[in-house]
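Colleague:
There are 2 protein chains.
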Amino acid sequence: MHPEAFRRSGHALIDQLAAHLARAHERTVVVSPSPAPDELCVRYPATFPMEPATEAETRAFYTRVLDDSTQLHSPRFLGHQVSAPLPEAVLLETLSAFLNNGTGVFEMGPASNAMERSVLGFLAQKLGLPQGSGGLLTSGGSLGNLTALLAMRQARAGHDAWTLGTSPDLCVLASEETHYSVARAVQILGWGKKGVWPVPSDAAYRMDVAALGPALVAARAAGRHVLGVVACAGSTATGAFDPLAGIADFCAREDLWLHVDGAHGASVAMSRRHRGMLVGIERADSVVWDAHKMMMLPALVTAVLFRSEAHAPAAFAQEESYLFDGKGANWWDSGLRTVECTKRMMSAELYGALYLRGTRVFEDHIDRTFALAQSLATRITNSPDFQLAIAPDCNIVCFRHVPSGPPLSAERLEALQGELRVRIREQGELYIVQTRLRGRLHLRVTIMNGLTKEADLDALLDAIRAAARKLLE
Amino acid sequence: MHPEAFRRSGHALIDQLAAHLARAHERTVVVSPSPAPDELCVRYPATFPMEPATEAETRAFYTRVLDDSTQLHSPRFLGHQVSAPLPEAVLLETLSAFLNNGTGVFEMGPASNAMERSVLGFLAQKLGLPQGSGGLLTSGGSLGNLTALLAMRQARAGHDAWTLGTSPDLCVLASEETHYSVARAVQILGWGKKGVWPVPSDAAYRMDVAALGPALVAARAAGRHVLGVVACAGSTATGAFDPLAGIADFCAREDLWLHVDGAHGASVAMSRRHRGMLVGIERADSVVWDAHKMMMLPALVTAVLFRSEAHAPAAFAQEESYLFDGKGANWWDSGLRTVECTKRMMSAELYGALYLRGTRVFEDHIDRTFALAQSLATRITNSPDFQLAIAPDCNIVCFRHVPSGPPLSAERLEALQGELRVRIREQGELYIVQTRLRGRLHLRVTIMNGLTKEADLDALLDAIRAAARKLLE
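Same order as they appear, the protein sequences are chains A and B.
Just so you know, the numbering used here puts the end of the first sequence at 478, numbered straight through with nothing missing.
Just so you know, the numbering used here puts the end of the second sequence at 478, numbered straight through with nothing missing.
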């Protein structure tokens, strides 16, 4: 494709996206289309032409993909913890994809590596990590948690786990609210299902610090070699922030590694109003921070930060003559400290978004979405036909609808929540999800879009009421 | 950012990229800028303004990143196995980033999931895998190899490894030419350094099939539990394709899992002329195929294909109430079969590139780059001052320069190769890498850019000769 053809196609796509963005902002899109999976495959068959598509076919293809996708740019997308990406970040990803520079070795992406280094320093400073901290960017929180656990393993297994391998008795203590990627990482590492030893959470779904000691004793009594504690900031289901300072005290006393899964919540460090929720994170040995959640970037841009920079390369002690010069770890050959070899030029998105948009927009985004969640919680508390699961720590709100009128059986009420979720989604105007809290199904809202208004929250509660009336007719 | 502002900024960036692309094609860019890492950080400081950048600052930032990056679009980038992405693929990534749809659960990306399903079917069919095969897309070959090894572990460990964990005696047989991500994956899994039991390669750097039996006996005698064989199609250093049919015979006889790392070479399936190199791959239990190498996509788009689709979810037996409906594995909730939870909408790039460009361009790309590598090999063979390491299997050529004139000592000649590599890079007109083959340093060329011409290869050999004259002055 010639540069001029690229220019023309690029303008055409940008125009289509801008028009689509306007419609999403106007709330005139189907937020979450729900075709049957097998039917949708018919629209995207597994056969391809030999020759290129025409301009009209190209445009039609883009339109189809836009329409068959979930509309995160709609202010009425109130579901999962995925961002409505900043338009600047979309353009930065275009730049990244165009350059296709990696970061495994410095010369595969000089700017990419330099931006990664600097932006990690910025994030570490925001968290209050000490001088000598450092880390890496990687493709997602799951990989981030795996990387942190690898470093924990190498530091605390008591032998050179990387070289000698490990027995299946290793484990971490973690609350029941921990994201499933931690259990997944532990099971990848070969520690089995008991590799995560559960610590009870309190009434607010935060880790019960008093339960840590007994959990440690019990795990050891069961023959587990406990390497550390995984804390949540915040948890996935309810957004609960574990009491990091108390957990850090415990880890210091027991000489355990502290890993904080801040995939969702580490971004709170950008907000002067809310950063107090993170007190204690500066004492963590490792932190995972997803910039594609509350930093409004497209997935995936995850930072893994270590209290001591040396932990990162220690986890991956390898040499390859065609890549590294064999002189050992340095900051600029990032392949020495990631699971990944070829890595996307994700630093351009994070560094570039901070540079092009300035820091204030990120602070505002935290403050605004957290305030909206409080506002929704207040509405729910003030509505006799809604039950709030828990006062929200951040921008996640879980609740149940209990229709006024003749009381429903516990079973009917339980089933109703799931039916409401399906109904709301199918109507296409709003999108929410659900979660099970201590066995009971709840509706779940996450406010990720800075353009969501109070009126959208009112519309949600009204839509739920109307759907319930229909379902109970 | 308003849609109209996005449109204007988008056009501006596209214009900048188109102009840059033209310069890259004209070979007037510095192919691989080589500032000192710490100096470059000064240009990308770890501090950010509070307020947004102006249009002029934005433009200057893009220019700086473009100039400080490695220029894969230059036809004189002859280095690592990373693609000069198709401009259409860059635009498809823009679409993906804009939509930011995931694939963990179907409703997080209906089109994304449907395209993933279909394009995996297309790839499996290209490889000749049977009905009932299936797989997933994931972020890169390292993660792909890890995922395949997880499935292998679950299928062949002899117990429920996912639930019960594993002892450190598991291992795979693999040639010494295997990419380091396989050893890295094995060591992540906790099998230690001996988790990869080496199988010697022959004079052409292909796995020596006759050595498999003795390797199996030796590994078992050393107390290792051998789960399978990892074969290369092709290897990273020289691009050697292991004899897959012979290896498949061995695996069938010994009841071992066959994993083929086709990160670089599986794309050969697109070429009628060259696909014979892959005979035997249709008998693999798992295959990794990086679409961001020879399929001209930006990183990362990796397919992991399983002979039996059921192997993928078997590796990750988990349930989460806020994500999955608990009804067990289905094709459309892809989070059930990946290491990743949130995943990029990478199917849009692969499906879209095949749809928008048609299949012929991919076949032509393989044929053209392989022919150019042969042409370079012929030039080297015909030049008394160059030594070809090995007749290339694909588009990777390794060689040494042996300047005419008074013979150099073996040590001097060895050091000279590394110095030539540095000198060529620093001159900025061409980019090549180096690799160590059986202890001896070689220059290494990979032809990844469809616009590279015979004249570029002549220019490379001339530049090496000229650099050697300078260095030996």
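All C-beta atoms in this analysis are idealised placements derived from N, C-alpha and C, irrespective of residue type, glycine included.
1) Whole-angstrom Cβ separation of Leu-97 (chain B) and Ser-144 (chain A), contact assumed at under 8 Å?
2) Checking contacts by CB at 8 Å: is Tyr-210 (chain A) closer than that to chain B?
3) Please confirm whether Ile-452 (chain B) has its beta-carbon closer than 8 Å to some beta-carbon of chain A.
4) Starting from Glu-416 (chain B), find everything on chain A with Cβ-Cβ shorter than 8 Å and list it in chain order.
5) With which residues is His-264 (chain A) paired in a DSSP beta bridge?
6) Please state the DSSP three-state secondary structure of Val-35 (chain B).
7) Helix, strand or coil for Gly-200 (chain A), going by three-state DSSP, please let me know.
8) Tell me which same chain residues have a C-beta within less than 7 Å of the C-beta of Cys-346 (chain A), skipping the five on either side of it?
9) Should the segment 413-431 of chain B be regarded as contacting the segment 459-473 of chain B, the criterion being three or more beta carbon pairs within less than 8 Å?
10) Just curious, the alpha helix (DSSP H) that Arg-4 (chain B) is in, first and last residue?
11) Pull up the distance between the alpha-carbon of Asp-20 (chain A) and that of Asp-207 (chain B), whole angstroms please.
12) Which of helix, strand or coil does DSSP assign to Thr-347 (chain A)?
13) For the segment 103-123 of chain A, which residues have a beta carbon sitting closer than 8 Å to at least one beta carbon of chain B?
14) Once the 5 residues before and after Ser-326 (chain A) are set aside, which same chain residues still bring their CB inside 8 Å of it?
15) Taking 8 Å as the threshold (C-beta atoms), are Leu-194 (chain B) and Val-204 (chain B) in contact?
16) Do you know offhand how far Phe-367 (chain A)'s Cα is from Asn-106 (chain A)'s?
17) Hey, is Val-292 (chain A)'s beta-carbon within less than 8 Å of any beta-carbon in chain B?
18) Met-299 (chain A) and Ser-117 (chain A): beta carbons closer than 8 Å?
19) Our contact map puts Ala-317 (chain B) next to His-406 (chain B) with C-beta atoms below 8 Å; I'd like the distance itself, whole angstroms only.
20) Taking the alpha-carbon positions, what's the Arg-28 (chain A) to His-7 (chain B) distance?
21) I want to see whether chain B comes within less than 8 Å of Gly-270 (chain A), judged by CB atoms only; does it?
22) Do we get a CB-CB distance below 8 Å when we pair Phe-311 (chain B) with the residues of chain A?
23) For the alpha helix (DSSP H) that Gln-439 (chain A) lies in, which residues bound it at each end?
24) When the distance is taken between beta carbons, is Phe-66 (chain A) closer than 8 Å to Val-95 (chain B)?
25) Counting only C-beta atoms, is Gly-139 (chain B) closer than 8 Å to chain A at any point?
26) Hey, how far is the Cα of Val-124 (chain B) from the Cα of Thr-386 (chain B)?
27) Going by C-alpha to C-alpha distance, which of A:Ser-409, A:Gly-114 and A:Thr-75 sits closest to Leu-71 (chain B)?
28) Could you give the C-beta distance for Ser-352 (chain B) and Leu-142 (chain B), rounded to a whole number, given that I count them as a contact under 8 Å?
29) Where does Ala-120 (chain B) sit, in a helix, a strand or coil, going by DSSP?
30) Give me the Cα-Cα distance between Phe-246 (chain B) and Val-234 (chain A), rounded to the nearest whole angstrom.
31) For Ser-14 (chain A), I'd like the list of residues in its chain whose CB is within less than 6 Å of its CB, leaving aside the five on either flank, ordered along the chain.
32) What does Gly-363 (chain A) touch in chain B if you count any residue whose Cβ is under 7 Å from its own?
33) Applying the 10 Å Cβ sphere with the 16-neighbour rule, what's the burial state of Pro-219 (chain B)?
34) Mind listing the chain B neighbours of Val-70 (chain A)? Cutoff is C-beta to C-beta under 7 Å, in chain order.
35) Can at least three beta-carbon pairs, one atom from the segment 146-166 of chain A and one from the segment 378-385 of chain A, be found at a separation below 8 Å?
36) Less than 8 Å between CB atoms is the rule here; does Ala-304 (chain B) satisfy it with respect to chain A?
Modeller: For this structure:
1) In fact, because the Cβ distance is near 18 Å, the residues do not count as touching under 8 Å.
2) So, not an interface residue.
3) By this cut-off, Ile-452 (chain B) is not an interface position.
4) For Glu-416 (chain B), there are no C-beta contacts with chain A under 8 Å, since the nearest C-beta of that chain is about 17 Å from it.
5) In the DSSP assignment, His-264 (chain A) forms a beta bridge with A:Val-235 and A:Ser-291.
6) Coil, per DSSP.
7) The three-state secondary structure of Gly-200 (chain A), taken from DSSP, is helix.
8) Around Cys-346 (chain A), the same chain offers Gly-109 and Gly-340 as residues with beta carbons nearer than 7 Å, after the five sequence neighbours per side are excluded.
9) With a cut-off of 8 Å, the segment 459-473 of chain B and the segment 413-431 of chain B count as touching, because enough Cβ pairs lie within range.
10) The displayed coordinates of chain B run from 6 to 478. Any statement about residue 4 (chain B) would go beyond what the structure contains.
11) In this model, Asp-20 (chain A) and Asp-207 (chain B) are separated by some 55 Å (Cα to Cα).
12) For Thr-347 (chain A), the three-state secondary structure derived from DSSP is coil.
13) Listed by position along the chain: Phe-103, Leu-104, Asn-105, Asn-106, Gly-107, Phe-111, Glu-112, Met-113, Gly-114, Pro-115, Ala-116, Ser-117, Asn-118, Ala-119, Met-120, Arg-122 and Ser-123.
14) Legend: pLDDT at Ser-326 (chain A) = 46, less than 50; position of this residue unreliable, value from coordinates given subsequently. Taken in chain order, the list of residues that qualify is empty.
15) Taking C-beta atoms as the reference points, Val-204 (chain B) and Leu-194 (chain B) fail to come closer than 8 Å.
16) Approximately 26 Å, taken between the alpha carbons.
17) Taking CB atoms only, Val-292 (chain A) has no neighbour in chain B less than 8 Å away.
18) Inclusion of Met-299 (chain A) and Ser-117 (chain A) in the CB contact set at 8 Å is not warranted, their separation being larger than that value.
19) About 47 Å separates the beta carbon of Ala-317 (chain B) from that of His-406 (chain B), a gap too long to meet the 8 Å contact definition.
20) Cα-Cα distance, rounded: 11 Å.
21) Gly-270 (chain A) does not count as touching chain B.
22) Closer than 8 Å: no.
23) No alpha helix (DSSP H) contains Gln-439 (chain A), which is instead part of the beta strand (DSSP E) from 438-442.
24) No, these two residues do not count as a Cβ contact at 8 Å.
25) Taking Cβ atoms only, chain A never reaches closer than 8 Å to Gly-139 (chain B), which makes this a no.
26) Val-124 (chain B) and Thr-386 (chain B): Cα-Cα distance of roughly 41 Å.
27) Nearest in C-alpha terms to Leu-71 (chain B), of all of A:Ser-409, A:Gly-114 and A:Thr-75, is A:Gly-114.
28) Going by Cβ atoms, the distance from Ser-352 (chain B) to Leu-142 (chain B) rounds to 6 Å, so yes, they are a contact pair.
29) Residue 120 (chain B) is actually Met in this sequence, not Ala. Met-120 (chain B) sits in a helix when the DSSP states are folded into three classes.
30) Cα to Cα, Phe-246 (chain B) sits roughly 45 Å from Val-234 (chain A).
31) For Ser-14 (chain A), where only same-chain residues beyond five positions count, there are no Cβ hits under 6 Å.
32) Within 7 Å Cβ-Cβ: Phe-53, Pro-54, Met-55, Glu-56 and Pro-57.
33) By the neighbour-count rule (16 or more Cβ atoms within 10 Å), Pro-219 (chain B) is not buried but exposed.
34) Chain order gives the chain B residues near Val-70 (chain A) as Leu-100, Ala-116 and Ala-353, where near means a beta carbon separation below 7 Å.
35) These segments do not touch.
36) Cβ-Cβ to chain A under 8 Å: yes for Ala-304 (chain B).
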